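Below is one structure; the comments refer to it alone.
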Amino acid sequence: MKTLLLYHDDCLRHRPHGRHPERPGRLSAVLDAVQGLDRTECLPAPKATLEQIERVHCTDWWQGLLELEPSDEADSGPLALDADTYLSRGSIDATLRGSGAACFAVEEVIAGRARNAFCVTRPPGHHAERAVAMGFCLLNHVAVAACHARAEHGIRRIAILDFDVHHGNGTQAIFGDDADTLFVSSHQMPLYPGTGHPEERGCGNVFNLPLPPGAGGAEFRKVWQEQGLRELQRFEPELIFISAGFDGHVLDPLAQLQLEDADYAWITAEIRR
424 MKTLLLYHDD CLRHRPHGRH PERPGRLSAV LDAVQGLDRT ECLPAPKATL
474 EQIERVHCTD WWQGLLELEP SDEADSGPLA LDADTYLSRG SIDATLRGSG
524 AACFAVEEVI AGRARNAFCV TRPPGHHAER AVAMGFCLLN HVAVAACHAR
574 AEHGIRRIAI LDFDVHHGNG TQAIFGDDAD TLFVSSHQMP LYPGTGHPEE
624 RGCGNVFNLP LPPGAGGAEF RKVWQEQGLR ELQRFEPELI FISAGFDGHV
674 LDPLAQLQLE DADYAWITAE IRR
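So for the sequence shown, the working numbering puts the first residue at 424; every next one is plus one.
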């Protein structure tokens, strides 16, 4: 069966200030790498609906974010929500495509039309809490999609695995009291946002696997093999989501993990297995 690639040009319209690391070129690089791969199909990512968003995010907060988006006539540049997170003209459509892609991926995989799906979207999502945009993130796409799977398909046991170099604080905050959702995160510590300590266990469903600066593939594979993948097998999920951040790569300048291409291939293959 095919792997579905979900993308939309709207995701290029989100534009923080010029030197911001979360820039459109990141998405173009991914697209260049995945185009033409065997057994893949690229489809346009739809926008998430208000109903899908409001299963996770507070209505008043979302409406306020809509009102803050700069207009076409604005000449003051993007609006800073905090030191890292920006709204430009087009940011709302871009983030709606991110959540919509994840929900559509759920539909296609559950229906058996795709073996799995990769959402080639931006801005990212795992730092966004129910009523907080932070860490480049506006909507928490994986949380929106997980709640969509529950509401529309009755999926109960859901695993969310996060191997971004930063801790997925937003996802943990949203599901920390939900025993039917497993959350496992490997991340560098210390590092933004300062959460993700091993003692943060939620209701027993949260497993944080912090790695020290300079850790490489051996340490990364060890914590996943001995803890993360073991908890995944024990949990026996019906559906698996991956928050696939590749900024732990040795060539990424914003953190100090030393992962290689082969380490990402390994963890993805192990999760699939």
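For every residue, glycine included, the Cβ atom is placed at its ideal position computed from N, Cα and C.
Nothing here was measured: the structure is a model prediction, and the numbers come from that model.
Segment limits, beta strand (DSSP E) that includes residue i
i      : result
Pro633 : 629 to 634
Thr426 : 426 to 430
Glu464 : 463 to 467
Inter-residue spacing [alpha-carbon to alpha-carbon] between residue i and residue j
i      : j      : result
Arg439 : Ile597 : The sequence shown places Pro at residue 439, rather than the Arg named in the question. Straight-line Cα distance between these residues: approximately 26 angstroms.
Gln458 : Glu464 : 9 angstroms
Arg644 : Asn631 : 14 angstroms
Asn539 : Leu489 : 32 angstroms
His672 : Gln681 : 6 angstroms
Thr544 : His610 : 21 angstroms
His589 : Arg696 : 25 angstroms
Asp505 : Gln595 : 20 angstroms
Run of the alpha helix (DSSP H) containing residue i, from where it starts to where it stops
i      : result
Leu652 : 652 to 658
Leu680 : Counting along the chain, Leu680 falls outside any alpha helix (DSSP H), and DSSP gives it neither H nor E.
Glu477 : 473 to 477
Cutoff 6 angstroms; reference residue i; Cβ partners in own chain excluding five residues on either side
i      : result
Ile663 : Ala582
Asp686 : Gly640, Phe643
For residue i, the three-state DSSP class (helix, strand or coil)
i      : result
His589 : coil
Gln458 : coil
Phe527 : helix
Thr604 : strand
Glu661 : coil
Gly639 : strand
Leu584 : strand
Whole-Å CB distance - residue i paired with residue j, under 8 angstroms assumed
i      : j      : result
Arg520 : Pro493 : Between Pro493 and Arg520 the Cβ distance is about 18 angstroms, and since that is not below 8 angstroms, they are no contact.
Asp587 : Asp670 : 6 angstroms
Gln679 : Pro636 : 4 angstroms
Phe541 : Thr508 : Between Thr508 and Phe541 the Cβ distance is about 24 angstroms, and since that is not below 8 angstroms, they are no contact.
His431 : Pro546 : Incorrect: roughly 13 angstroms between the Cβ atoms, too far for contact.
Cys626 : Asp600 : 5 angstroms
His549 : Gly593 : 6 angstroms
Contacting residues, own chain, Cβ-Cβ under 7 angstroms from residue i (five flanking each side not counted)
i      : result
Leu435 : Pro447, Leu450
Val529 : Ala568, His571, Ala572
Neighbourhood of residue i by C-beta distance below 8 angstroms, restricted to the same chain and skipping five residues each side
i      : result
Asp675 : Val588, Phe669
Chain D within 8 angstroms of residue i, Cβ atoms only
i      : result
Gly577 : Absent here is chain D; the protein component of the structure consists of one chain.
Any non-hydrogen atom of the ligand FMN within 7 angstroms of residue i CB
i      : result
Leu488 : As presented, the structure is devoid of all ligands, the ligand FMN included, so that no description of it is given.
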